[in-house]
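**Student:** Quick note, the sequences are listed as chains A and B, same order. 1 is the number of the first residue of the first sequence in this note's numbering; add one for each residue after it. 1 is the number of the first residue of the second sequence in this note's numbering; add one for each residue after it. Questions regarding the structure given below will be posed in turn.
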Amino acid sequence: MSKISAMMDTGKRSLMNSQTALQTVGHNIANKSTEGFSRQRVELQTNTPITEGNLQIGMGARAGVVTRVNNPWLEKQIQREGMSMGFQDSRADALGRVEQIYNEQNNKGLNQYMTDFFNSFRELSNNPESLASRTMVRESSVALTKDFGRVVGQLKAVQEDLDGQIKTTVEEVNQLSKEIASLNEKVQMVEVQGTPANDERDRRDLLLKKLGEKIDISWAEGRDGMVTVTAGRTAILVSGIGSSELKARQTDARDRVEVFFEGSSSTSANITEQITGGRIGGALDVRDKVIEDLLGHVDNMAYTLAKEVNTAHIEGFDKSGRNGVLFFDMPDQVKGAASVIGLNKTVFNDVGRIATGAQPGAAGDNTVANVISALQYRQVMDGGTSTLDDYYSTQVGQIGAVAQRAVKAQESQKNVISQLTNIRESISGVSLDEETTKMIEFQKTYDASARLIKTADEMFDTVLNLKRM
Amino acid sequence: MRIADKMSFNQVNQNLTKNRSEMADLQNQAATQKRINKPSDDPLASARVLTARTEERGNTQFIKNINNARSFLEFSDQSLSELTEILVRAKELAVSQSNDASGNEESRMVTASEIEQIYNQSIQIGNRKLGERYIFGGQKTQNTPFNQTGEYFGNDSDMKIQTQKDSFVAMNLPGSKVFLGRGLGGDGIVRAQYETPTDVESLKDFQNQEIERQQINEEVDSNFLTTRGPASESGRQSRADRQDPVTGSVGVNLFSTLKNLEISLKTNDKSGVQEALDTLDQAISQVVLARSEVGSRIMAVNSTNDSLQKAVVDNKVTASQLEDADAFQVISDINKTDSTLKATLETSGKLIQPSLLDFLR
């Protein structure tokens, strides 16, 4: 008798096991497209057998735990590469915009305006008496100074845009930190009962990846199953069930946004220097290294141009024999020169004040105009080793090379990520075919178990009907 | 390897994106006909394109400069040719009146008035204008260079025009040299330096030298006046019609030569007329010398012009080679990418469609 009821029992448990397994299959199928999901598996174990005399009788199966199929080492690697991906992504985007400022393939740019400026002085040298050629000099000078302003303005606009990006990304970082902290709590709550928190862990892994794409983080899991996340070197974003925030705001020292770590105790530490990865790291790199560098170059050019033209112009004599004035308003210092360079008002209002001659009272004297136009081919940059043109085209070449490298790095990083993701999917991803097969398999098991119960039932019947027979 | 569904979808997605962006890039090349549309497409080449463009623009401007200088020089040359002609005529007249066989007091009076015409003509030539500019006034292009008595109001500086990156050519001849023979050598007059200052240092040097030069020349002039004394007409000195005893000048003052001839003719001074023959010869060769100077400058700018024209074309070719798309290459690449894209689409369909579920009833 006991064996029949054991049979009944085994069948019942098998029915339940199949249901559990089918439920897991359903869960897998439902989450086939869920980002970061790892397929789950019911671990079936044989039940403790019963020993009867010298027989050991199997007592069916019981469902162990539902585990997720996941390679934590791989997840960590993906997370690390994702950090680099975020960095390259934001860098390539920003550099793509920066290089457009220097793109003279289709539009007029600084190089053309500079040539026009020198050519207008050559035209003036052809005909220093003519008001028309003097006006041309004025127009080309105004256009040149405007273009200096354009380059600076556009470079600064990109910087401002990056500021905005940094601000929003910091908000996202805070949101993610909060979610990770709350998942820490859930993981712990679930796992304290001895069952693995599969879905919560998947979700937390995904959030860590997302966080890493935004800012460079390091993290470690403690014995309690909770992760501690540090951004940069010192900013502890998540610790246990608590999270701290980052703030992006301007400082008094600079008009650019910097990143601060707002620790638990109202302290605020500037961690801008520590951030070298993720989208924020990429944005900071372009904003503070590449663009600052370019701004310096443009300022350098504007300052040198103003200085050289002015020193020559002031030596000359204008149309009416008056001493030359400053041609450009002289910038006070190299820094910011490109944004303040402008044609002197005196010259602007009266093109007769343009000094072309080396001596007064000779309307055809073009000596100074020649000195100014010869400036184009003089090596006045880089300590007397390159001309203004050389200097500028070197910059264009450099920014092109940097942008090109960034795009290539972005592409190869994309490949790395997609390969790693492929490997991850091959381990943790859901295959419909596989799940369908399992579904059929467990359905059959369910069928067979039901039949077993029916058989046991019939056996009971047989036993109960013994008397009547 | 275990293949999860997401892998197939990702792969399809990735491949399609890749093909499509390649196609977009090629389409862009086809539309612009340019291989380089931004610096990062080829950093080295785009910097070189920029340099080639700058050079091309510079050269185009040099060609404009040369055209301007050439018209100035050609007009000077034409004027000097006329000047030679009338001087030759003056010499013919002087020869015919230098002896009694073909001339007498009366004919000399008549000839004198023709010489006066020639004198006026040469003043007119000295005051020629091209547009609004006097061509023989040196850099004082807005002042009438000569008055009726032949006094010079211009200066003796050259107007230098840039014809290449590192070379300048004078586009004018100052009237003091052509008509007055100043600074042709031996008269102690210091000519303006030939080199054009191209930076501020040399500009300052140049200015100082100019001041010094003017002082020296003024001194020479004043010495000259005291040693020579006034000539036959007040306010005008006949310079090298006789050699200067102090400086041994060889230049000739055209106007005083003609004026002296006229006076000699009027006064029936046969030996005066004979003396004028020598100076007229010198005057003619002085103008011829000036003409050859102008001529050689025209030749120089012409040959520079030729090489600039060639350089403009060369630069265009260089830029085009660097940045232009090879049309055949682009079209064949587009066809290749197109067939790859179609193949990807086709295989993608096959990869995604079937699943075990399709075969279960």
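For each residue, glycine too, the CB sits at the ideal point set by N, CA and C.
Given that I161 of chain B touches chain A, what residues does it touch there, using C-beta distances under 7 Å?
**Tutor:** S125, N126
**Student:** Run through chain A and tell me which residues come within less than 8 Å of F206 of chain B, C-beta to C-beta.
**Tutor:** A358, T367
**Student:** Short of 7 Å in beta carbon distance, which residues of its chain neighbour K64 of chain B, apart from the five on each side in sequence? Order them along the chain.
**Tutor:** none
**Student:** Whose Cβ in chain B lies nearer than 8 Å to the Cβ of R91 of chain A?
**Tutor:** Result: empty, since nearest Cβ-Cβ is about 13 Å, beyond 8 Å.
**Student:** Measure the alpha-carbon distance for F179 of chain B versus A325 of chain B and round it to whole angstroms.
**Tutor:** F179 of chain B and A325 of chain B have their C-alpha atoms spaced approximately 60 Å apart.
**Student:** Going by DSSP, what residue range makes up the alpha helix (DSSP H) through T115 of chain A?
**Tutor:** 110 to 126 is the extent of the alpha helix (DSSP H) around T115 of chain A.
**Student:** Given that T437 of chain A touches chain B, what residues does it touch there, using C-beta distances under 9 Å?
**Tutor:** L356
**Student:** Among all the DSSP beta bridges, which residues are the ones paired with V169 of chain B?
**Tutor:** B:I161
**Student:** In the DSSP assignment, the alpha helix (DSSP H) including V471 of chain A goes from what residue to what residue?
**Tutor:** Since the displayed chain A opens at 1 and closes at 469, residue 471 of chain A lies outside it and no answer follows.
**Student:** If we define contact as Cβ-Cβ less than 8 Å, is D389 of chain A a contact residue for chain B?
**Tutor:** yes
**Student:** Roughly how far, in whole angstroms, is the beta-carbon of Q162 of chain B from the beta-carbon of N127 of chain A, given that I think they are within contact range, below 8 Å?
**Tutor:** The pair is not a contact, with the Cβ atoms about 13 Å apart (cut-off 8 Å).
**Student:** Flag this pair as yes or no: are the beta carbons of G96 of chain A and Y102 of chain A separated by less than 8 Å?
**Tutor:** no
**Student:** So, is G251 of chain B buried or exposed, given that buried needs 16 or more other C-beta atoms within 10 angstroms?
**Tutor:** buried
**Student:** Within 8 Å (strictly less), CB to CB, does T198 of chain B reach chain A?
**Tutor:** yes
**Student:** Return the CA-CA distance between A300 of chain B and Q164 of chain B, expressed in angstroms with no decimal places.
**Tutor:** 12 Å
**Student:** So which residues of chain B does I399 of chain A contact, with C-beta pairs closer than 9 Å?
**Tutor:** Listed by position along chain B, the residues whose Cβ is nearer than 9 Å to that of I399 of chain A are P39, S40, P43.
**Student:** D314 of chain B CB to nearest chain A CB: under 8 Å?
**Tutor:** Residue-level contact check: D314 of chain B does not touch chain A, since none of the beta carbons of chain A fall below 8 Å from its beta carbon.
**Student:** For the alpha helix (DSSP H) that A362 of chain A lies in, which residues bound it at each end?
**Tutor:** Looking at the DSSP string, A362 of chain A is not in any alpha helix (DSSP H), and its letter there is neither H nor E.
**Student:** Given a cut-off of 8 Å, decide if D318 of chain A and G342 of chain A are closer than it, judged by their beta-carbon atoms.
**Tutor:** no
**Student:** Less than 6 Å between C-beta atoms, sequence neighbours within five positions excluded: which residues of the same chain meet that for D329 of chain A?
**Tutor:** G342, N344
**Student:** What would DSSP say about M83 of chain A, mapped onto helix, strand or coil?
**Tutor:** helix
**Student:** Short check: CB of A94 of chain A to CB of Q410 of chain A, under 8 Å?
**Tutor:** Not in contact: A94 of chain A and Q410 of chain A (Cβ atoms no closer than 8 Å).
**Student:** So F168 of chain B contacts chain A; which residues on that side make the cut at Cβ distance below 7 Å?
**Tutor:** N370
**Student:** Taking the beta strand (DSSP E) that E245 of chain A falls in, what are its first and last residues?
**Tutor:** Unbroken beta strand (DSSP E) run through E245 of chain A: 245 to 250.
**Student:** Decide yes or no for the touch test of the region 331 to 338 of chain A against the region 294 to 305 of chain A: beta carbon pairs closer than 8 Å, at least 3 of them.
**Tutor:** The answer is yes - the region 294 to 305 of chain A touches the region 331 to 338 of chain A, with three or more Cβ pairs under 8 Å.
**Student:** Check whether the region 397 to 409 of chain A and the region 60 to 68 of chain A are in contact - that is, three or more C-beta pairs closer than 8 Å.
**Tutor:** no
**Student:** Which first and last residues belong to the beta strand (DSSP E) in which S218 of chain A is found?
**Tutor:** 217 to 221
**Student:** What residue ranges within the region 87 to 136 of chain B form continuous alpha helix (DSSP H) runs of no fewer than 4 residues, ordered along the chain?
**Tutor:** 105 to 126
**Student:** Can you list, in chain order, the residues of its chain with a C-beta nearer than 8 Å to that of S332 of chain B? Leave out the 5 residues immediately preceding and following it.
**Tutor:** none
**Student:** Using the three-state DSSP reduction, which class does N471 of chain A fall into: helix, strand or coil?
**Tutor:** Beyond the ends of chain A as shown, which are 1 and 469, falls residue 471 of chain A; an answer cannot be given.
**Student:** On the three-state DSSP scale, how would you describe M330 of chain A?
**Tutor:** coil
**Student:** Alpha carbon to alpha carbon, how far is D41 of chain B from R35 of chain B?
**Tutor:** Cα to Cα, the separation comes out at about 8 Å.
**Student:** Please list, in chain order, the chain B residues whose beta carbon lies closer than 7 Å to that of Y303 of chain A.
**Tutor:** Chain B residues near Y303 of chain A: none, gap ~16 Å exceeds 7 Å.
**Student:** Please state whether the Cβ-Cβ distance between Q367 of chain B and A363 of chain A is less than 8 Å.
**Tutor:** What is shown of chain B runs 1 to 361, which leaves residue 367 of chain B out entirely.
**Student:** I want to see whether chain B comes within less than 8 Å of Q105 of chain A, judged by CB atoms only; does it?
**Tutor:** yes
**Student:** With respect to the alpha helix (DSSP H) encompassing Q159 of chain A, which residues constitute its N-terminal and C-terminal limits?
**Tutor:** 131 to 191
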